[in-house]
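Reading through the C-alpha cells given below for one structure.
Chains as they are written, first to last, in the numbering used here: chain A, 1 to 113; chain B, 1 to 110.
Now the structure itself:
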C-alpha cells in the first residue's frame, strides 16, 4: 500500500461549483498536512497547511483532516477558472524532520467558465 | 522574504552529454534543500536532499549527483545524460518542515 493515495483525475467542474479534493494515507504518524497548487509548467506553491485533525479556512479554501479515517480534503468554494491546476497533498510526521514531505501524485482540476 | 531561483528554465540536451542545474535561495539561512524530478503521471520523486554544506543524501541510485558548495546553493549534475533523465526538475527549500519550490527546469534529453 502506498503511503499517500490521491486520485489523479482529471476533475472537470463548471465555474461556481464546490470542489472536493481528497487524499488518503496509511501512516498514522503523519501529523502535519499540506496542500500545494501547481499550475502547468510551474513549481508547486504552498496553499495551506494544518496540524492534526480539524478544519482550517482561508478565503474560498478549506482544508479538513480526519486522522481517525486517515483522510484529508481540500474544498474550494465558488470555483474559478483560475483555480484550474494540479493539486498535491503532502504530509510529514513532525516539524524539523530531516526527511522530506510525502506527496500524493496530484489531482488535475479544470474549472470551465 | 525568501526567494528561490533555478536556471536554466528550459534545457534540451543530447544523450550522453553532461548536465548542471543550479538552485539558489535568498532570504534564509541554513535551509534544508531538495532536488525533485516530476515526470508525467508519476508525481514528485525526491532525488537528493541536503541539511547543510557538503551534506547530501541520495534517495534514488542513478547517474545523477548533487552538491552543496555554499549554504544557499544546490547543484544537480550528471556526467552522461540518459533519455530517461528527461523531466521537470524542481529545487525546494524548507525550514521546519514546510517546503517551498522553485520555478523548475524542464529538461528534454534527445
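Note that beta-carbon positions come from the ideal geometry of N, C-alpha and C, so glycine has one too.
Small disclaimer: the values here were computed from a predicted structure and weren't measured.
- Rounded to the nearest whole angstrom, the C-alpha separation of residue 39/A and residue 100/B is 15 Å.
- Taken through DSSP and simplified to helix, strand or coil, residue 81/A comes out as helix.
- Chain-ordered listing is empty here: chain B has no CB closer than 9 Å to the CB of residue 67/A, the nearest sitting near 17 Å.
- A straight-line Cα-Cα distance of about 15 Å links residue 42/B and residue 43/A.
- Contact annotation: residue 104/A and residue 4/A have beta-carbon atoms nearer than 8 Å.
- With a cut-off of 8 Å on Cβ pairs, the region 21–38 of chain A is in contact with the region 61–71 of chain A, counting three or more such pairs.
- Pairwise C-beta distances place the region 48–67 of chain A out of contact with the region 1–18 of chain B, as fewer than three of them are shorter than 8 Å.
- The beta-carbon of residue 92/A is placed less than 8 Å from the nearest beta-carbon of chain B.
- In this structure residue 89/B does not touch residue 46/B by the C-beta definition: roughly 12 Å separates them, more than the 8 Å allowed.
- For residue 58/A, the secondary structure class from DSSP, reduced to helix, strand or coil, is strand.
- Taking a beta-carbon distance threshold of 8 Å, residue 33/A does not count as an interface residue toward chain B.
- For residue 32/B, the number of other beta carbons within 10 angstroms of its own is at least 16, and it is reported as buried.
- For residue 10/A, the CB contacts under 7 Å within the same chain, skipping 5 residues up- and downstream, are 108 and 110 in chain order.
- When 9 Å is used as the limit between beta carbons, residue 89/B is near no residue of chain A, the shortest such separation being about 10 Å.
- Closer than 7 Å at the C-beta level to chain A, one finds these residues of the region 44–78 of chain B: 44, 46, 49 and 51.
- In the structure shown, the three-state DSSP call for residue 84/B is helix.
- Between residue 81/B and residue 109/B, the beta carbon gap of about 5 Å places them in contact (Cβ cut-off 8 Å).
- Rounded to whole angstroms, the gap between the alpha carbons of residue 105/B and residue 87/B is 8 Å.
- Within the region 34–52 of chain A, those residues whose Cβ lies closer than 9 Å to any Cβ of chain B are, in chain order, 34, 36, 38, 41, 42, 43, 44, 45, 46 and 49.
- With a minimum length of 3 residues, the unbroken runs of beta strand (DSSP E) contained wholly in the region 29–101 of chain B fall at 32–39, 43–52, 55–58, 64–70, 73–78, 87–95 and 98–101.
- In the three-state reduction of the DSSP assignment, residue 18/A falls in the coil class.
- Residue 103/A reaches chain B at 43 and 44, counting residues in chain order whose Cβ is nearer than 8 Å.
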